[in-house]
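Read through the structure below, which is laid out as structure tokens, and then see the notes.
Below is the structure:
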């Protein structure tokens, strides 16, 4: 198989198909004369065999898994509905661990209707190579249904098994984790919104081949959806403690439009939270307009720098007083805000401390991350920065989505 990355042709090598599937033992299931299922056990050899220690096809003469024929018969259906994916990491960790063995994920649906499951699996055959990489077991489960229509979506269940090598030089791959997932209509619709509007995974060329940059923001939001949390839950904690290489922070900038769409289409966000986000967005719009009017030629870099500085200040808020002071100073810098005046009873409890300040800090971060900065500054869009007070908020949001 060949892929093109920035015009450069790259070859991908795959193991033989019989290393992946679970059907190469089928001739042993039945008596050739009676065509009836034989009794007893038969050897099973397959590269990723669920439910047992995984044996690579190369060592089939020395190691085989024995299964009753009635269980082996069920394995024939695994290629019909199941899906293999690759567990990936952030780019920096991928570079450091290129010599480490790859970890694989097997998605096993619990089919209500085997024919429908087979059709879902068939549609997954069109998945682009880079989208076979995921960053968690949860995303592996939800990506299975990412392209399905949800008008008549019935609740689904699936199991995801993680396979890895316990010894680096071994051919043996063993299940190292297993999780069950329940997927309902509301959650899959929210995930599909992120799947469609966030940046897709990207192939990046390296001197030694290529790497896949996975969308970490999509997985962060999915984790909150699975746990029935708001999409911004623990964003501050994630950026402070889990973003060792700054890649999540960087990807927030790449996914501004997707975050904006997620916020405006979420049924779980309260009126108060939405109003607070609108206040921050209007304040940013006014501040960015002031920057542009002062020096149009340098506006792009200055706006991006302003955005980064505000994010760093929010990340430095370890105490409630520090956060409250920062928000008050930020809003006063913008001046008169119509969204604040119109929604004072909703927003003031968040600003003044009646609402948990740590949650307010997360909301402020997601609001900052969902507002356009350098990516939206071009000749067609400068009008939104130059004349923000002449444009109604609803029209501005509509124009942002269209552009």
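In the numbering used here, the protein residues as written are 400 to 802. Glycine included, C-beta positions come from ideal geometry on N, C-alpha and C.
> Quick one: complete alpha helix (DSSP H) runs, 4+ long, within the stretch 533 to 609?
Replying inline: 536 to 542 and 584 to 596
>> Which residues does DSSP list as the beta-bridge partners of residue 504?
In response: 484 and 561
>> I believe residue 762 touches residue 676 by the beta-carbon criterion, under 8 Å. Please report the beta-carbon distance rounded to the nearest angstrom.
In response: 7 Å
>> Among 732, 767, 720 and 737, whose alpha-carbon lies nearest the alpha-carbon of residue 751?
In response: 720
>> In whole angstroms, give me the CA-to-CA distance for residue 350 and residue 538.
In response: This structure gives no information on residue 350, because the portion of the chain shown stretches from 400 to 802.
> Whose C-alpha, out of 754, 529, 709 and 637, is nearest the C-alpha of residue 604?
Replying inline: 529
> Which stretch, first to last residue, makes up the alpha helix (DSSP H) that contains residue 668?
Replying inline: Premise fails: residue 668 is in no alpha helix (DSSP H) and is neither H nor E.
> Starting from residue 437 and walking both ways along the alpha helix (DSSP H), at which residues does that stretch end?
Replying inline: Unbroken run through residue 437: none, as it is neither H nor E.
> Leaving out the 5 sequence neighbours to the left and right, which residues in its chain are closer than 6 Å to residue 565 when beta-carbon positions are compared?
Replying inline: 573
> If you draw a straight line from the C-alpha of residue 554 to the C-alpha of residue 490, how long is it?
Replying inline: 34 Å
>> Could you pull the DSSP bridge partners for residue 429 from this structure?
In response: 436
> residue 748 to residue 754, Cα distance in whole Å?
Replying inline: 6 Å
> Can you name the start and end residues of the alpha helix (DSSP H) that residue 729 belongs to?
Replying inline: 719 to 733
>> Please classify residue 717 as buried or exposed, where buried requires at least 16 neighbouring CB atoms within 10 angstroms.
In response: exposed
> Just to check, is the beta-carbon of residue 715 closer than 7 Å to a non-hydrogen atom of the ligand ATP?
Replying inline: This structure simply doesn't include the ligand ATP, nor any ligand for that matter.
> According to DSSP, which residues form a beta bridge with residue 612?
Replying inline: 601
> Between residue 458 and residue 475, what straight-line distance do the alpha-carbon atoms span, to the nearest angstrom?
Replying inline: With a pLDDT of only 47 at residue 458, under the threshold of 50, the placement of this residue in the model should not be trusted, and no figure is reported.
>> Just to confirm my understanding: we take residue 777, look at its own chain, exclude 5 residues before and 5 after, and list those with CB closer than 8 Å. What are they?
In response: Reliability of the predicted coordinates at residue 777 is poor, the pLDDT of 45 falling under 50, and the value obtained from them is presented with this limitation in mind. Result list for residue 777: empty, nothing under 8 Å.
> How do the stretch 499 to 512 and the stretch 662 to 672 stand: do at least 3 beta-carbon pairs fall below 8 Å, yes or no?
Replying inline: no
> Where does residue 657 sit, in a helix, a strand or coil, going by DSSP?
Replying inline: helix
> Among 591, 610 and 681, which residue has its Cα nearest to the Cα of residue 621?
Replying inline: 591
>> Are the CB atoms of residue 650 and residue 600 within a distance shorter than 8 Å?
In response: no
>> Taking 6 Å as the limit between beta carbons, can you name the residues of its chain near residue 775, skipping five residues before and five after?
In response: Only weak support exists for where residue 775 lies, its pLDDT of 47 falling under 50; the value from the coordinates is given anyway. Here the set comprises nothing.
> Which of helix, strand or coil does DSSP assign to residue 618?
Replying inline: helix
> residue 521: which of 487, 507, 503 and 480 sits nearest, CA to CA?
Replying inline: 480
> Start and end of the alpha helix (DSSP H) containing residue 515?
Replying inline: 513 to 522
>> So, at 6 Å on beta carbons, what are the nonlocal neighbours of residue 484 in its own chain, with the 5 sequence-adjacent residues on each side left out?
In response: 504, 531, 533 and 539
>> Using 8 Å for Cβ pairs, my map puts residue 767 next to residue 706. What's the rounded Cβ distance?
In response: 7 Å
> Looking at the unbroken alpha helix (DSSP H) that takes in residue 746, where does it start and where does it end?
Replying inline: 743 to 751
> Which one of 722, 678, 727 and 732 has the shortest CA to CA distance from residue 690?
Replying inline: 732
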